[in-house]
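A.B. asks: Provided herewith is a single structure, encoded as C-alpha cells, for subsequent inquiry.
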C-alpha cells in the first residue's frame, strides 16, 4: 500500500496526466488560429462567401478548444508550487522568467485580440478586424516559444549560476536563456507539428461532410487546404525535427541512445536504426529486429560513419560525473514513443499526398474506405504529437533539470501521498467530465457544419459579416 502512496510516484502521475491532457488542446489552438486567419484573409481579399463560412465554422472550433486549453493550462502553473516546490525553489528564478514573459506579453496579447475578434464583427472595419485574428496568431506562437524556452532549460540548462548560500540556481542572461539551442531547434519543429494537427482536423471534418455529400461548396476547398497544409507543414516538421535530433544528441546523448535502445556504442553501418525490434523482457538483449544500416549514425551526426554512444557507455560516464545511480530513462517508452511519432507523422504526409492526387482537377474518390481513412486524420495526428511530447519528457528522466536536479529530488517534501492521491482522483474526474463536454461541443459543431452563406439585407443591401453568434 505504501508504494501506491509514494509522493514521488503520485506527483509524476498527476503532472503527467494534467500535462498530456492540456497538451491535447495546445497544438489545435495554435494551428486553428492560423487556419482561421488564412480563411478570413481569403474572404477579405476575394469577398467570396465560402471563405467567410469557413472562417466562422473553424473559428467556432477554435474558440471551444481555446477555452478548454486555458482552463486546463491554469492547473499546470499551480502544480509547480504544490507538488514540486523543491524544484520551484531551486530553479524558479530561471524557469519562471520565460513563463512570466509568456503570461504578461504573449498570453495577454492573444487573449485581448481574441476578444476583439469575437466582438468586432460588423463593428470594426474589415482590415482592422482581420488584424485582430493575425495578432492572435502572433500571440499564440509567441506563447509557445516562451514555454518551449522554459522547457529547454530543463533539457539543456544554461544562462545560470548556482548561489551556494541560498542553494538555488539564478538567472545570469535572459537573452542566452531565450536562445537556448534546444528551444531554437524545438520551436519550429513544434509549431509546424501544430499545423499538422490543425490540418488533420480540417481533413477529417471535410472528409466527413464530403463523404455524406454535405456542404460540398465549402468543404472541397477546405479539404484541399487541409491536404496542402499537411504536406507542407509535415515536410517542415521533418526538416526541423532533424535539426532537433542533432541538438538533442549534443545536449542529451542518453535520450538518443534510449530512443534506439542501443546499449553499446556503435558507428557506421553498426549504428543502424531499427524500424521494429523484439527483445527480452528486461529490454537488454535483442531477439529480432528490422534495421536500416547507417541511419542512426546519419540522424545523430549527419555523417554515415559517425559514432553514437550507447546506454552502457553513457551510464558509466554519468556515474563518474554525478555519482552512483541509474541514469537511463524508461527504455520501452522512449523507444516506441519515438517510432510512433515518426511513423504516424510520415503516414499522415503520405495520406495527404495520396489525397491530393485522388482529388486533383475536381475529382472525388468513389471508394468509401478512402473517406473513412481521411476521417481518422485528426485523432492520429494528435496522437503523433502527443507521443512526441511524451518522448521528449520521458527521455530526459531521471533528470528534472538535466545534470542539475533529479526528479526524485524536486518533489515537495511536506505533501503526503494521500493528499496527492485525492487531488489526482479529483483532477481525473474533473478532466473526464471536461473531455465529455469538449467532445460533445466539438462533434455537435462538426456535424452541423458551416452556416448558410449570408444574404444582403433587403433594406440596406449590406451583407452582414457575421454568420453566427459565438
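Numbering (UniProt numbering), first residue to last: 1 to 470.
Glycine included, C-beta positions come from ideal geometry on N, C-alpha and C.
Quick one: what's got a C-beta closer than 6 Å to residue 188's C-beta in the same chain, skipping five residues either side?
C.D. replies: Correct list, in chain order: 240.
A.B. asks: So, residue 105 versus residue 66, is the Cβ gap smaller than 8 Å?
C.D. replies: Not closer than 8 Å, so no.
A.B. asks: Exposed or buried, residue 426, counting other C-beta atoms within 10 Å across all chains shown (16 or more means buried)?
C.D. replies: By the 10 Å Cβ count, residue 426 comes out exposed.
A.B. asks: According to DSSP, is residue 267 helix, strand or coil?
C.D. replies: Of the three classes helix, strand and coil, the one that applies to residue 267 here is strand, per DSSP.
A.B. asks: According to DSSP, which residues form a beta bridge with residue 163?
C.D. replies: In DSSP, residue 163 forms a bridge with 168.
A.B. asks: Buried or exposed, going by whether 16 or more other CB atoms sit within 10 Å of the CB of residue 397?
C.D. replies: The residue is buried, with at least 16 neighbouring Cβ atoms inside 10 Å.
A.B. asks: Does residue 405 come out as helix, strand or coil in the three-state DSSP assignment?
C.D. replies: It is a strand residue.
A.B. asks: Using a Cβ-Cβ cut-off of 8 Å (strictly less than) and excluding sequence neighbours within five positions of residue 412, which residues of its own chain qualify?
C.D. replies: Excluding positions up to five away in sequence, the list reads 7, 11, 82, 83, 84, 85 and 86.
A.B. asks: Could you tell me the alpha carbon to alpha carbon distance between residue 216 and residue 55, rounded to whole angstroms?
C.D. replies: When rounded, the distance between both Cα atoms is 16 Å.
A.B. asks: Would residue 168 and residue 90 be called neighbours here (beta carbons separated by less than 8 Å)?
C.D. replies: Yes.
A.B. asks: Compare the C-alpha of residue 224 against each of 433, 185 and 362 and name the closest.
C.D. replies: Comparing Cα-Cα distances from residue 224 to each of 433, 185 and 362, the minimum goes to 362.
A.B. asks: If you measure between the beta carbons of residue 69 and residue 26, is that distance less than 8 Å?
C.D. replies: Yes, the Cβ-Cβ distance between residue 69 and residue 26 is below 8 Å.
A.B. asks: Leaving out five residues before and five after residue 226 in sequence, what residues of the same chain have Cβ atoms less than 7 Å from its Cβ?
C.D. replies: Answer for residue 226: 199, 202, 203 and 206, listed in chain order.
A.B. asks: What does DSSP give as the partner residues of residue 375 in its beta bridges?
C.D. replies: Per DSSP, none; premise fails for residue 375.
A.B. asks: Do residue 420 and residue 337 come within 8 Å of each other at the CB atom, strictly closer than that value?
C.D. replies: Not closer than 8 Å, so no.
A.B. asks: With 16 as the cutoff for other CB atoms within 10 Å, does residue 210 come out buried or exposed?
C.D. replies: So residue 210 counts as buried.
A.B. asks: Does the structure place the stretch 256-270 close enough to the stretch 304-314 that three or more beta carbon pairs sit under 8 Å?
C.D. replies: Judged by Cβ distances under 8 Å, the stretch 304-314 makes contact with the stretch 256-270, as three or more pairs qualify.
A.B. asks: Whole angstroms are fine: how far does the CA of residue 159 sit from the CA of residue 173?
C.D. replies: So the alpha carbons of these two residues sit roughly 5 Å apart.
A.B. asks: Using the three-state DSSP reduction, which class does residue 450 fall into: helix, strand or coil?
C.D. replies: Reduced to three states, the DSSP call for residue 450 is coil.
A.B. asks: Evaluate the contact criterion for the stretch 398-418 versus the stretch 369-376: three or more CB pairs, one atom per stretch, below 8 Å.
C.D. replies: In short, these stretches do not touch, since the Cβ pair count stays below three.
A.B. asks: Using a 10 Å radius around the Cβ and a threshold of 16 neighbouring Cβ atoms, would you call residue 127 buried or exposed?
C.D. replies: Exposed, by the Cβ-count rule.
A.B. asks: Using the three-state DSSP reduction, which class does residue 320 fall into: helix, strand or coil?
C.D. replies: Helix at residue 320.
A.B. asks: Using only alpha-carbon positions, find the residue among 221, 248 and 138 that is nearest to residue 180.
C.D. replies: Comparing Cα-Cα distances from residue 180 to each of 221, 248 and 138, the minimum goes to 248.
A.B. asks: Alpha carbons only, please: which of 21, 305, 49 and 98 is nearest the one belonging to residue 73?
C.D. replies: Among 21, 305, 49 and 98, the Cα nearest to that of residue 73 belongs to 21.
A.B. asks: DSSP beta-bridge partners for residue 274?
C.D. replies: BP columns for residue 274 point to 291.
A.B. asks: Quick one: what does DSSP say residue 470 is sitting in, helix, strand or coil?
C.D. replies: In this prediction, residue 470 has a pLDDT of 48, which is less than 50 and means its spatial position is unreliable; nothing more can be read from the coordinates.
A.B. asks: Between residue 381 and residue 196, is the Cβ-Cβ spacing less than 8 Å?
C.D. replies: Yes, they are a contact pair.
A.B. asks: Could you tell me if residue 50 is buried or exposed, where buried requires 16 or more neighbouring beta carbons within 10 angstroms of its beta carbon?
C.D. replies: Residue 50 is buried by the Cβ-count criterion.
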